[in-house]
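Contents: one structure, followed by commentary.
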Amino acid sequence: MLQPAAIDGLAFARSAGVLKGRLGMESLPRLAQSGCSGSVVDFVLTGEINERGKPGLRLAVDGSVRLQCQRCLGNLDLSLRLEARLELAASEAEILAADDDMERVVAGREMRVAALVEDEVLLALPMVPKHEQCSAAAGLGADTKPSAFQALATLKKRSLSGG
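According to our numbering, the residues represented by the sequence shown are 1348 to 1510, in order.
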């Protein structure tokens, strides 16, 4: 079944709509630009009226993204299991005026589902992706050849010792 590309945020929340789907890299261009490859994410988007009586969305994302480890430059597969609650706001001004920690988005009649999912995935990515322990020798100090400075020190010792 083909999923709608966009929802009317307020109508979806008020009707307690539920939307399930799977998105690949072709649907997540900003994720691709950030260095991710081979990513597939499943999502469940649910409309609700939250405990404050405001329309909102619940988004659950499950999947994995492939990043490049910044230590060894190898592939790093990052598992994602995210849950977000978004309160729908009437305007940017309402979001800026809010003084609590509730995550908000501007409600629209054409809210792109892929963009909502992509936003949450991008927010969950590490600033510097790296393995806990790299299997390859990590960093520049892992070369097996001696450094130029070590070679110079050896030459200097030989010349001082006369040999």
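We treat Cβ as the ideally placed atom computed from N, Cα and C, and that holds for glycine.
Neighbourhood of LYS1504 by C-beta distance below 6 Å, restricted to the same chain and skipping five residues each side: Taking the first residue of the sequence shown as 1, we reach residue 1504 at position 157. If we look at LYS1504 and ignore the five residues flanking it on each side, it has no Cβ neighbours.
Leaving aside the five residues before and after LEU1378 along the sequence, list all residues of the same chain whose C-beta is less than 8 Å from its C-beta, in chain order. Within the sequence shown, residue 1378 is the residue found at index 31, counting from 1. So the qualifying residues of the chain are MET1372, SER1386, VAL1412, GLU1465, VAL1468, LEU1469.
When the Cα of ASP1447 is compared with those of VAL1460, MET1458, LEU1433, GLY1455, which residue comes out closest? Position 100 of the sequence shown holds residue 1447. Taking each of VAL1460, MET1458, LEU1433, GLY1455 in turn and checking the Cα distance to ASP1447, the smallest one comes out for LEU1433.
Would you grab the beta carbon distance between LYS1477 and ARG1418 for me? Rounded to a whole angstrom, and I think it's under 8 Å. Numbered from 1 along the sequence shown, position 130 holds the residue referred to as residue 1477. Numbered from 1 along the sequence shown, position 71 holds the residue referred to as residue 1418. The pair is a contact, with the Cβ atoms about 5 Å apart (cut-off 8 Å).
DSSP three-state label for GLY1364, please. The residue given as residue 1364 occupies position 17 in the sequence shown. It is coil, neither helix nor strand.
Would you mind stating whether ALA1360 and GLU1398 have Cβ atoms separated by less than 8 Å? Translated into positions along the sequence shown, residue 1360 becomes position 13. Translated into positions along the sequence shown, residue 1398 becomes position 51. In this structure, ALA1360 keeps its C-beta atom at 8 Å or more from the C-beta atom of GLU1398.
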